[in-house]
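Residue numbers for the sequence shown follow our numbering, beginning at 147 and rising by one.
The structure under discussion appears below in the form of structure tokens.
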Amino acid sequence: MDSIEILGYIGALIVGLVLGLIGGGGSILTVPLLVYLLGYNPVVATAYSLFVVGTSSMVGTFQKYKEGLVDIKTGLAFSFPSFIAVYLSRRYLVPGIPDTIFTIGEYQLTKDMSIMIFFAIIMFLAAISMIKNGKDDHLLSISQPYYKTFVQGLIIGTITGVIGAGGGFLYVPALVIWANIPMKKAVGTSLIIVTINSLIGFLGDVQTLEIEWVFLLTFTLISIVGIVIGVFISKFISAAKLKKSFGIFVLLMAVYILFKELK
Numbered sequence: 147m148d149s150i151e152i153l154g155y156i157g158a159l160i161v162g163l164v165l166g167l168i169g170g171g172g173s174i175l176t177v178p179l180l181v182y183l184l185g186y187n188p189v190v191a192t193a194y195s196l197f198v199v200g201t202s203s204m205v206g207t208f209q210k211y212k213e214g215l216v217d218i219k220t221g222l223a224f225s226f227p228s229f230i231a232v233y234l235s236r237r238y239l240v241p242g243i244p245d246t247i248f249t250i251g252e253y254q255l256t257k258d259m260s261i262m263i264f265f266a267i268i269m270f271l272a273a274i275s276m277i278k279n280g281k282d283d284h285l286l287s288i289s290q291p292y293y294k295t296f297v298q299g300l301i302i303g304t305i306t307g308v309i310g311a312g313g314g315f316l317y318v319p320a321l322v323i324w325a326n327i328p329m330k331k332a333v334g335t336s337l338i339i340v341t342i343n344s345l346i347g348f349l350g351d352v353q354t355l356e357i358e359w360v361f362l363l364t365f366t367l368i369s370i371v372g373i374v375i376g377v378f379i380s381k382f383i384s385a386a387k388l389k390k391s392f393g394i395f396v397l398l399m400a401v402y403i404l405f406k407e408l409k
């Protein structure tokens, strides 16, 4: 095992820690880790990310549920339209994107670059929504019509399908803002959505990609250890600090990815 691989597995532990602490953000680390450190192309990296984040989130969901921090009804309401959109995106939309989007002179925008840039833009927008203070946190009540939840789920599901994210970094703000759920419960509830979305999305990839199962399962097991530790640590951190730290973390990762892709 070389030093790069060891760093990759250390990264896997950190991915789990992040998921356990903030209910999302695992893919924000997993995709750049697999692309920039371990050398996978973005399509494979986003597929592996779905499996890692989905499996790790399943463990986190169980832990949060025992603490009473999972709103199953709301989670399933978001999950249904989302997993349909994620699966269709991974099965048909992502494979259908051309390898070269456009060429201007010597500049060429490739499929891999466009996925990573889109990933960074979505992260940036999610970060801003989480860093904002209080008054925007409760724009809608939990009694919003289900068709709105359904449309919201479809939109986020399609986005997370394209970028290979579990969607936690999108669902946490969505649950806080749209469903009026307190931050810590939104973190727990997002994990059940992330679990369902990610694993069903990965099924779309299994049909189109060669999967390195030994590496993927090892990486995932280490992430699960991280999420167990992260959920434990989250008991001692205030919701307000959790929210702001989450937003700052996502923002920094978005800037880093844009720098790497556009330099």
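We put the CB at the ideal spot given by N, CA and C, even for glycine.
Confirm, please, whether the CB-CB distance from alanine 193 to leucine 355 is below 8 Å.
Cβ atoms of leucine 355 and alanine 193: closer than 8 Å.
Is the distance from the Cβ of tyrosine 233 to the Cβ of glycine 347 below 8 Å?
For tyrosine 233 and glycine 347, yes; Cβs fall inside 8 Å.
Quick one: give me the first and last residue of the alpha helix (DSSP H) that isoleucine 250 is part of.
Isoleucine 250 -> not in any alpha helix (DSSP H); beta strand (DSSP E) instead, spanning 246-250.
Give every residue of the same chain whose Cβ lies closer than 6 Å to the Cβ of leucine 397, excluding the five residues on either side of it in the sequence, and list them in chain order.
For leucine 397, where only same-chain residues beyond five positions count, the Cβ hits under 6 Å are Ala273.
For phenylalanine 221, which residues of its own chain have a beta-carbon under 7 Å away from its beta-carbon, when the five flanking residues on both sides are left out?
It is glycine, not phenylalanine, that sits at residue 221 in the sequence shown. So the qualifying residues of the chain are Thr335, Ile338 and Ile339.
In the DSSP assignment, find the beta strand (DSSP E) that holds glutamine 353 and state where it starts and stops.
Premise fails: glutamine 353 is in no beta strand (DSSP E) and is neither H nor E.
Since tyrosine 253 sits in a beta bridge, which residues does DSSP pair it with?
In DSSP, tyrosine 253 forms a bridge with Ile250.
Among Val164, Val161, Leu184 and Gly166, which one has its Cα closest to the Cα of isoleucine 150?
Ranking the options by Cα distance to isoleucine 150, first place goes to Leu184.
Please report the distance separating the alpha-carbon of serine 241 from that of isoleucine 373.
Going by the sequence as given, residue 241 is proline instead of serine. Near 31 Å, if we compare the C-alpha coordinates of isoleucine 373 and proline 241.
Give me, in chain order, the residues of the same chain whose beta-carbon lies closer than 7 Å to that of lysine 281; leave out the 5 immediate sequence neighbours on both sides.
Residue confidence is low: lysine 281 scores 43 on pLDDT, short of 50, so the model does not pin down where it sits. Its coordinate-derived value is still stated next. Excluding sequence neighbours, lysine 281 sits near nothing in its chain.
Output yes or no for whether 8 Å exceeds the beta carbon distance between valine 205 and phenylalanine 265.
No, the pair does not count as a contact, with Cβ atoms beyond the cut-off.
Taking DSSP as the reference, what is the three-state secondary structure of aspartate 258?
Three-state DSSP puts aspartate 258 in a helix.
Since glycine 313 and serine 369 are thought to touch, with beta carbons under 8 Å apart, how far apart are those beta carbons, to the nearest angstrom?
Wrong, their Cβ atoms sit about 17 Å apart, outside the cutoff.
So, at 7 Å on beta carbons, what are the nonlocal neighbours of proline 319 in its own chain, with the 5 sequence-adjacent residues on each side left out?
The answer, listed in chain order, is Ala272, Ser275 and Met276.
Quick one: residues in its chain with C-beta nearer than 6 Å to the C-beta of alanine 261, no 5 flanking neighbours on either side, listed in chain order?
Reading off the sequence, residue 261 comes out as isoleucine, not alanine. Same-chain partners within the cutoff: Pro188.
Measuring CB to CB, does valine 199 end up less than 8 Å from serine 344?
Taking 8 Å as the Cβ cut-off, valine 199 and serine 344 qualify as a contacting pair.
Specify the secondary structure class of proline 291 as computed by DSSP and reduced to three states.
Proline 291 falls in the coil class under three-state DSSP.
Find out if the Cβ-Cβ distance for the pair leucine 196, glycine 310 is shorter than 8 Å.
Yes, the Cβ-Cβ distance between leucine 196 and glycine 310 is below 8 Å.
Between the alpha carbons of leucine 300 and isoleucine 218, how many angstroms are there, rounded?
Cα to Cα, leucine 300 sits roughly 18 Å from isoleucine 218.
Going by alpha carbons, who is nearest to phenylalanine 405 out of Lys381, Tyr182, Val371 and Ile394?
Here the closest residue by C-alpha is Tyr182.
Suppose you measure from the CA of phenylalanine 226 to the CA of glutamine 353; what does that come to, to the nearest Å?
Going from the Cα of phenylalanine 226 to the Cα of glutamine 353 covers about 21 Å.
Which same chain residues, not among the five before or five after threonine 366, have their C-beta less than 6 Å away from its C-beta?
Excluding residues within five positions, the ones whose Cβ falls inside 6 Å are Val198 and Thr201.
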